[in-house]
Every structure is written in structure tokens, then in C-alpha cells.
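**Student:** My structure is below; once you've seen it, I'll send some questions.
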Amino acid sequence: MPTLVLWLFWLLSGCHGLQAPSATAQAGGHLRALGDSRVLSFRRTAVMDTVTAILEGKAVNLCDQHPSPVTVQLVSATASYQAVAAPAGTFRFFHIPAGNYALTATHPACRPLAPSPIKLGSGDIADVKLGMRCR
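Under numbering that gives the first Met the number 0, the first residue of the sequence shown carries the number 0, and numbering increases by one thereafter.
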């Protein structure tokens, strides 16, 4: 039995490491590799987190009189997330569980518009734009 295992390993590995042949021929109960091409190829790749979503966007002050900071809130029935927008108004939320959310932007001198409903699915990358008005 050990000889058979070693023979199978040698057959599949070729003489230059573990490689799988692209074609085989069977004769007399034995398999033989044809050619030097490979069917199996192992390559490590990055895997995207598909359990959560990414939400990014821009908060726009409709009167352009009040500078940052703008606070952006993402709220669901079970969780709440908050971010302060960059001076240009951009914001990002990473690793947000899939679900239904309400998105708002607030500024001390402005009144927010109605919350924007957002539905995020697993692996989604959503891009949104929010607006505010002066009080």
C-alpha cells in the first residue's frame, strides 16, 4: 500500500513539485499523465467581506454659508453609526451589517432634511448624497 501511495504522489506531482496533469491516458488499469500542462493551479486571492456593506457619500450644505463639521448618522432598529464628514463633506461607513437604515446629516446651524431610507445588502457598496438647509 505505501508503494501505491508514493506512486500516486509521484504521478500527480511530476518531477518538479506538486502539479496535476491536464490529461491522462488509461491503459491496463494504470493512469499516465500526458504532457506537462497543469489543470490545478493554486493561487491565493483576497476575499471581500460579503457579510457587511460599505456606505460612502457626500453631505451637501444647500446654503453654503456654514463650514464643517457635519455629523452623519446611520440608524437601524438594532444599531446606530455616526461619522464626522471631512471638510469637503465626504464620509464613509465600513463593515455595516446588511439591513434597512435611515441616513441623516446634521450641522448645528442647519436643519436636516428628512432621513434618507437606505437598504444595504451583503457585499454592497452604496454611494449617497445628503442635503441640509439653514435654519
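Every residue, glycine too, gets a C-beta built ideally from N, C-alpha and C.
Where does Pro-107 sit, in a helix, a strand or coil, going by DSSP?
**Tutor:** Three-state result, Pro-107: coil.
**Student:** Please list, in chain order, all residues of the same chain as Gln-72 whose beta carbon is under 6 Å from its beta carbon, the five residues on each side excluded.
**Tutor:** Cβ within range, chain order: Gln-81, Thr-103.
**Student:** Does DSSP put Thr-77 in a helix, a strand or coil?
**Tutor:** Thr-77 falls in the coil class under three-state DSSP.
**Student:** By how many angstroms is the C-alpha of His-106 removed from the C-alpha of Met-131?
**Tutor:** So the two alpha carbons sit approximately 8 Å from each other.
**Student:** On a CA-only basis, which of Ile-124, Ser-79, Lys-128 is nearest Thr-51? Give me that one, please.
**Tutor:** Nearest of Ile-124, Ser-79, Lys-128 to Thr-51, Cα basis: Ile-124.
**Student:** Using DSSP with H/G/I as helix, E/B as strand and the rest coil, what is Val-69?
**Tutor:** Of the three classes helix, strand and coil, the one that applies to Val-69 here is coil, per DSSP.
**Student:** Can you check DSSP and say which residues form a bridge with Ala-125?
**Tutor:** According to DSSP, which records beta bridges pairwise, Ala-125 is partnered with Leu-54.
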